[in-house]
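Everything below concerns the one structure shown next.
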Amino acid sequence: MELESSILGLEGANYACLPFLPAVPLSDGINVTSFGWGSDPGKGYDHSIFPMIQQLELAVDSLETCKENWGTKIPHDSFCTVEEEDKNVCSGDSGGGLTFVQPESTRQYIIAIVSYGSDCVQLIGGSEPKSQINTDIRKHKDFILKFINSK
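Heads up, the sequence shown is in UniProt numbering, so the first residue is 1 and it goes up one at a time.
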């Protein structure tokens, strides 16, 4: 994507690179960061957006665990993260990016797009955490490159 103006110098703003330009592996045990304005039941925003962007570190979950937790077929392009009762993406966060920093550099890479998971209010109420299901953008490399190259 090409921005109308530079974001360099804006507090808290930075670029996120694509993980396949060039191919950047996601190291085992690495956490990802989610960004969003979704609801935050722990802070009184049960069903409304939070007034400022939030960020959250999440552990990566295996596809096998994700499938076991949901007991259903998950989409082929899933990228899963661990849910916790008090630490999770919530309603309104869908569409936001999940990023990681490659240990050898300081660059942020976008790896997935937040999709769906358990209801946050129910999790705080004691519901059993499952896995958060996100869309792995690496599975859409051809589409993304076609779009980039058409501009």
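Positions of the beta carbon are idealized from the N, C-alpha and C atoms, including for glycine. Fair warning: this is a prediction, and the values are worked out from it, not measured in the lab.
The residue from ILE30, PHE20, PRO19, LEU56 with its alpha-carbon nearest to that of TRP37 is LEU56. For LEU58, the closest of PRO75, TRP70, GLU68, CYS90 by C-alpha to C-alpha distance is CYS90. Per DSSP, GLU57 is one residue of the beta strand (DSSP E) stretching across 54-61. In summary, ILE133 is buried, with 16 or more beta-carbon neighbours lying within 10 Å of its beta-carbon over all protein chains present.
By a beta-carbon distance limit of 8 Å, VAL32 contacts THR81. Their separation comes to about 6 Å. Distance check between PHE20 and each of VAL101, ILE111, GLY96 places ILE111 closest, using alpha-carbon atoms only.
Closest by C-alpha distance to ASP86, out of SER118, TYR15, TRP70, TYR109, is SER118.
DSSP places CYS80 inside the beta strand (DSSP E), whose first and last residues are 78-82.
Cβ atoms of SER34 and VAL114 come within 8 Å of each other, at about 6 Å. Taking C-beta atoms under 8 Å as the contact rule, ASP61 and SER131 qualify, at a distance of about 5 Å. If you draw a straight line from the Cα of LEU123 to the Cα of LYS146, it comes to about 39 Å. Taking every protein chain shown into account, the CB of ILE137 has 16 or more other CB atoms within 10 angstroms, so this residue is buried. Exclusion of the five residues before and after PHE79 leaves ALA112, ASN134, ASP136 as the residues of its chain whose Cβ lies within less than 6 Å of its Cβ.
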